[in-house]
Amino acid sequence: MTEPVDGESVSEQAAAVWAIVAPALQAGGGGHDLMIRSYRALQTGAMEELPDDVWHTILAWLPLEDLARLAQVDKHVRALVERRVPQALDPAAHEAPDFVRTIYTQAELDAAPDGVVFAPGAGRDLTLRHNGTAVLHGPGTLTAIDDGWVYPVDDARILTVTGGHVMASGQAVIDAVTGGEVDAGDDVRIGTVTADAQVDAFGRATIGTVTGGRVNAHTDARIGHVAGGSVEASLRAAIGTVTGGNITLRNYATIDSVTGGDTRIRAYENTQVTVHACADQVHVDAYDCATITADSGTVTVRSPGVTVNVNGNVVVNHQHEPVPDNDDLW
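Heads up: the sequence shown begins at 25 in my numbering, then just goes up one per residue.
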């Protein structure tokens with residue numbers, strides 16, 4: 025159950041209501057004031073003491089399954105639900121194609137059938153770990169995904185992906201990817217990619233930091249910082265700052281700033297790379313019509329169409345050779 029907002033306890037009956045209501049207030053953005061008002065009203069132990077405007081807000085945020093569970097707590101609450109949201113008590117509504125379950129316990133989630141469509145509901149420590157398929161709706165937070173095929177949509181949030189295959193869309197958020205595979209499109213945001221993870225980011229998807237794994241960023245996807253791992257950026261994908269790792273650029277992909285670290289970059293076609301001063305361990309292999317602006321490091325020009333703008337202590341080598349096939353890249 026979500027922690028109360030002050031030191032006073034509530035009755036067992038009111039606690040059952042609070043366990044359903046509190047996550048709805050948090051997810052719906054009701055604010056701390058509404059949380060306090062709701063909890064203090066529940067401290068009386070009488071459901072009829074909760075103000076009508078608070079009930080109206082709560083009932084508007086709760087999904088059908090939560091409303092149905094809420095109606096089982098108290099006769100007064102059931103009457104409110106029956107009067108204001110009658111479909112919550114209609115079994116047919118819970119079988120509609122667009123019905124979204126809410127999962128409250130790990131046992132419920134583990135026992136859920138293949139192909140479940142759900143929102144995390146009150147659970148803030150749930151892990152999806154069975155080998156099946158699931159559609160995860162927001163708002164709500166799932167602690168981890170260890171296995172299976174998962175489709176986060178809307179503004180669902182996943183704290184960690186450690187395994188399985190995640191195909192995220194909408195405004196879903198993934199805090200960290202440490203394993204498994206993730207396909208991220210639309211406005212999906214990924215915090216960090218590490219370890220053995222594999223990520224394909226496209227559309228307007230963004231990644232904060234890459235320190236390991238393999239990342240393919242294409243179209244208009246953007247990576248804030250690359251400090252390790254292997255990254256391939258293509259089309260108009262952009263990388264902000266690089267301090268390490270192996271990077272391949274294609275089409276019109278860009279790197280805003282390479283500032284140092286053990287970094288190897290291969291730039292093809294019309295890509296652009298900017299290497300700052302004091303980045304002596306950076307090595308750039310430039311092909312096709314790539315443009316390299318460097319204040320330090322080593323640039324090896326592999327094609328006659330490459331443009332190199334040297335502004336500092338840069339080693340420039342000319343070793344023209346055919347562009348390697350994809351199979352020859354790291």
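Where is the CB? At the ideal position from N, CA and C, for every residue including glycine.
Remember, it's a predicted structure, so these values are computed and weren't measured experimentally.
Task: Closest Cα partner of Pro144 within the set Gln130, Ala158, Leu166 and Leu152 - done: In the sequence shown, residue 144 corresponds to position 120, counting from 1. If we check each option's Cα against that of Pro144, Leu166 comes out closest.
- [ ] Can you tell me which of the three DSSP states Ala245 falls into?
- [x] What you label residue 245 is simply residue 221 of the sequence shown in a count that begins at 1. Three-state result, Ala245: coil.
Task: Span separating the alpha-carbon of His297 from that of Val223 - done: Here residue 297 corresponds to residue number 273 of the sequence shown, with the count starting at 1. Here residue 223 corresponds to residue number 199 of the sequence shown, with the count starting at 1. Checking the sequence, you will find Val at residue 297 rather than His. Cα-Cα distance, rounded: 22 Å.
Open item on the list: Since Ala261 and Asp244 should fall inside the 8 Å C-beta cutoff, what is the C-beta to C-beta distance between them, to a whole number of angstroms?
Closed with: Within the sequence shown, the letter at position 237 stands for residue 261. Within the sequence shown, the letter at position 220 stands for residue 244. About 7 Å separates the two Cβ atoms, so the contact holds.
- [ ] From the DSSP output, in three-state form, read off Ala116 for me.
- [x] Your numbering for residue 116 matches position 92 in the sequence shown. The answer is helix: DSSP assigns Ala116 an H, G or I state.
Task: From Arg238, Tyr175 and Gly164, residue whose alpha carbon lies closest to that of Ala192 - done: In the sequence shown, residue 192 corresponds to position 168, counting from 1. Of the listed residues, the one whose Cα sits closest to Ala192 is Tyr175.
Open item on the list: Quick check: the Cα distance between Val97 and Leu86, rounded to an integer number of angstroms?
Closed with: Here the question's residue 97 lines up with position 73 in the sequence shown. Here the question's residue 86 lines up with position 62 in the sequence shown. Their Cα atoms are separated by approximately 15 Å.
Task: Whole runs of the beta strand (DSSP E) within the region 132-168, excluding any shorter than 3 residues - done: 140-143 and 157-160
Open item on the list: Beta-carbon within less than 8 Å of Arg326's beta-carbon, same chain only, minus the 5 sequence neighbours each way: which residues are those?
Closed with: For the purposes of this step, residue 326 is taken as residue 302 along the sequence shown, with counting starting at 1. Taken in chain order, the residues that qualify are Asp309, Ala310, Tyr311, Gln343, His344, Glu345 and Val347.
Task: Gln111 (DSSP reduced to helix, strand or coil) - done: The count along the sequence shown starts at 1 and reaches residue 111 at position 87. If DSSP states are grouped into helix, strand and coil, Gln111 belongs with the helices.
Task: Distance, Val124 Cα to Gly172 Cα - done: If you number the sequence shown from 1, residue 172 lands on position 148. If you number the sequence shown from 1, residue 124 lands on position 100. Rounded to whole angstroms, Gly172 to Val124 spans 19 Å at the Cα level.
Open item on the list: With the cut-off set at 9 Å, would you say Gly162 and Ala180 are in Cβ contact?
Closed with: As a working note, residue 162 is residue 138 in the sequence shown. As a working note, residue 180 is residue 156 in the sequence shown. Cβ atoms of Gly162 and Ala180: closer than 9 Å.
Task: Spatial neighbours of Ala301 in its chain, beta-carbon cut-off 7 Å, leaving aside the 5 residues before and after - done: Along the sequence shown, one-based indexing puts residue 301 at 277. So the list reads Asp319, Ser320 and Gly336, once near-sequence residues are dropped.
- [ ] Can you tell me which of the three DSSP states Glu345 falls into?
- [x] Taking the first residue of the sequence shown as position 1, residue 345 is located at position 321. DSSP places Glu345 in coil when its eight states are reduced to three.
Task: Between the CA atoms of Asp170 and Gly204 - distance to the nearest angstrom - done: As a working mapping, residue 204 is identified with position 180 in the sequence shown. As a working mapping, residue 170 is identified with position 146 in the sequence shown. Taking the straight line from one Cα to the other gives about 8 Å.
Task: Unbroken beta strand (DSSP E) run spanning Val185, endpoints - done: Position 161 of the sequence shown, counted from the start, is the residue given in the question as residue 185. That run of the beta strand (DSSP E) goes Ala180 to Val185.
Open item on the list: Suppose contacts are defined by Cβ-Cβ distances below 9 Å. Is Val306 in contact with Thr317 by that definition?
Closed with: As a working mapping, residue 306 is identified with position 282 in the sequence shown. As a working mapping, residue 317 is identified with position 293 in the sequence shown. The answer is no: Cβ separation not under 9 Å.
Open item on the list: If contacts are defined as beta-carbon pairs under 8 Å, then Leu91 and Val109 qualify, I think. What distance do you get, rounded to the angstrom?
Closed with: In the sequence shown, residue 91 corresponds to position 67, counting from 1. In the sequence shown, residue 109 corresponds to position 85, counting from 1. Correct: roughly 5 Å between the Cβ atoms.
TODO: Just tell me which of Thr265, Ala65, Arg93 and Leu94 has its CA closest to the CA of Glu234.
DONE: Residue numbering aside, residue 234 sits at position 210 when the sequence shown is read from its first letter. In the sequence as displayed, the identity of residue 234 is Val instead of Glu. Answer by Cα proximity: Thr265.
- [ ] Would you mind reading off the limits of the beta strand (DSSP E) that contains Leu273?
- [x] The sequence position of residue 273 within the sequence shown is 249, counting from 1. Run containing Leu273: Gly269 to Leu273, per the beta strand (DSSP E) assignment.
- [ ] Can you tell me which of Leu273, Ala103, Gly285 and Val282 puts its alpha carbon nearest to the alpha carbon of Glu293?
- [x] Taking the first residue of the sequence shown as position 1, residue 293 is located at position 269. Taking only the C-alpha atoms, the option nearest Glu293 is Leu273.
Open item on the list: Less than 7 Å between C-beta atoms, sequence neighbours within five positions excluded: which residues of the same chain meet that for Phe226?
Closed with: As a first step, residue 226 must be located in the sequence shown, where it is residue number 202. Answer for Phe226: Gly209, His242, Thr243 and Ala245, listed in chain order.
TODO: Could you tell me which residues DSSP puts in a beta bridge with Ala225?
DONE: Against the sequence shown, residue 225 aligns to sequence position 201. According to DSSP, Ala225 bridges with Ala208 and Ala241.
TODO: Return the CA-CA distance between Thr157 and Ala112, expressed in angstroms with no decimal places.
DONE: Position 133 of the sequence shown, counted from the start, is the residue given in the question as residue 157. Position 88 of the sequence shown, counted from the start, is the residue given in the question as residue 112. Approximately 26 Å, taken between the alpha carbons.
Open item on the list: Under DSSP, the alpha helix (DSSP H) around Asp312 begins and ends at which residues?
Closed with: Locating residue 312 in the sequence shown gives position 288, counting from the first residue. Careful: Asp312 lies outside any alpha helix (DSSP H) and carries neither H nor E.
Task: C-beta contact flag for Thr295 and Thr315 at 9 Å - done: Residue 295 sits at position 271 when you count from the first residue of the sequence shown. Residue 315 sits at position 291 when you count from the first residue of the sequence shown. Yes, they are a contact pair.
Open item on the list: Short of 7 Å in beta carbon distance, which residues of its chain neighbour Asp304, apart from the five on each side in sequence? Order them along the chain.
Closed with: Taking the first residue of the sequence shown as position 1, residue 304 is located at position 280. Correct list, in chain order: Ser320 and Gly321.
Open item on the list: Assuming contact is defined by CB atoms lying nearer than 9 Å, are Val299 and Val330 in contact in what I supplied?
Closed with: Locating residue 299 in the sequence shown gives position 275, where the first residue counts as 1. Locating residue 330 in the sequence shown gives position 306, where the first residue counts as 1. Their beta carbons are not under 9 Å apart, which means Val299 does not touch Val330 by this criterion.
TODO: Apply the 10 Å Cβ neighbour rule to His249 and answer buried if 16 or more other Cβ atoms are within range, or exposed otherwise.
DONE: Looking up residue 249 in the sequence shown gives position 225. His249 should be labelled buried.
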